[in-house]
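K.L.:
Start counting at 1 in the sequence shown, then tack on 23, and there's your number in this note's numbering.
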Amino acid sequence: QVQVAESGGDLVQPGGSLRLSCVASGIIFRISAMGWYRQCPGKQRDLVASITNLGDTNYADSVKGRFTISRDDAKNTVYLQMNSLKPEDTAVYYCFAEGGNKVAWGQGTQVTVSA
Numbered sequence: 024q025v026q027v028a029e030s031g032g033d034l035v036q037p038g039g040s041l042r043l044s045c046v047a048s049g050i051i052f053r054i055s056a057m058g059w060y061r062q063c064p065g066k067q068r069d070l071v072a073s074i075t076n077l078g079d080t081n082y083a084d085s086v087k088g089r090f091t092i093s094r095d096d097a098k099n100t101v102y103l104q105m106n107s108l109k110p111e112d113t114a115v116y117y118c119f120a121e122g123g124n125k126v127a128w129g130q131g132t133q134v135t136v137s138a
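1. Do S48 and W59 have their beta-carbon atoms positioned less than 9 Å apart in this structure?
2. Along the chain, where does the beta strand (DSSP E) containing R53 start, and where does it finish?
3. Taking the straight line between their C-alpha atoms, what separation do you get for D95 and L103?
4. Spell out a yes or no on whether the segment 120-131 and the segment 82-97 are touching, meaning 3 or more CB-CB pairs, one atom from each, closer than 8 Å.
5. If you run the structure through DSSP and keep just helix, strand and coil, what is A114?
6. Grab me the residues of L34's own chain with a C-beta within less than 7 Å of its C-beta, minus the 5 sequence neighbours each way, in chain order.
7. Name the residue from L41, A28, V25, A120 whose alpha carbon lies nearest to the alpha carbon of F90.
8. Assuming G39 and T132 make a contact with CB atoms under 8 Å, what is their CB distance in whole Å?
9. Taking only three categories from DSSP, how would you classify K125?
10. Strictly by DSSP, which residues pair up with N76?
Structure, rendered in structure tokens:
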């Protein structure tokens, strides 16, 4: 079984930057992909970015060119570097780890972009 825990959410001004971190633990070798979803109140949870164990990345159109997902296998950690943040990026960001036909979710970290 895999567990994930995210951190790094904060209040930031428009145009600012944040880096989210997600640490995986448990049966790591079964993980095939990790990434981030986000959810605004009253809305569905949407994919933000993902990265496979081969290093292939995928981004939502709304964050392309502003967000970068990366991984540090030695630390079992995935990062989401968020630049040029906009108020519409405000959401709870959830990390996920997929593998062995299962998906593990983190508790979420709040990102608020506001002046």
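Backbone N, C-alpha and C fix where the C-beta goes; we use that ideal spot for every residue, glycine too. It should be emphasised that the depicted structure is a prediction, and the values quoted were computed from it without experimental measurement.
P.N.:
The answer reads as follows:
1. In this structure, S48 does not lie closer than 9 Å to W59 by Cβ.
2. First-last for R53: undefined, no H or E at that position.
3. Those two C-alpha atoms are separated by around 12 Å.
4. By the Cβ rule, the segment 120-131 does not count as touching the segment 82-97, because fewer than three pairs are nearer than 8 Å.
5. Strand, per DSSP.
6. Around L34: T135, S137.
7. Closest option to F90, Cα to Cα, is L41.
8. Not really, about 16 Å apart at Cβ, beyond 8 Å.
9. Under the three-state reduction of DSSP, K125 is assigned to strand.
10. DSSP lists no partner for N76.
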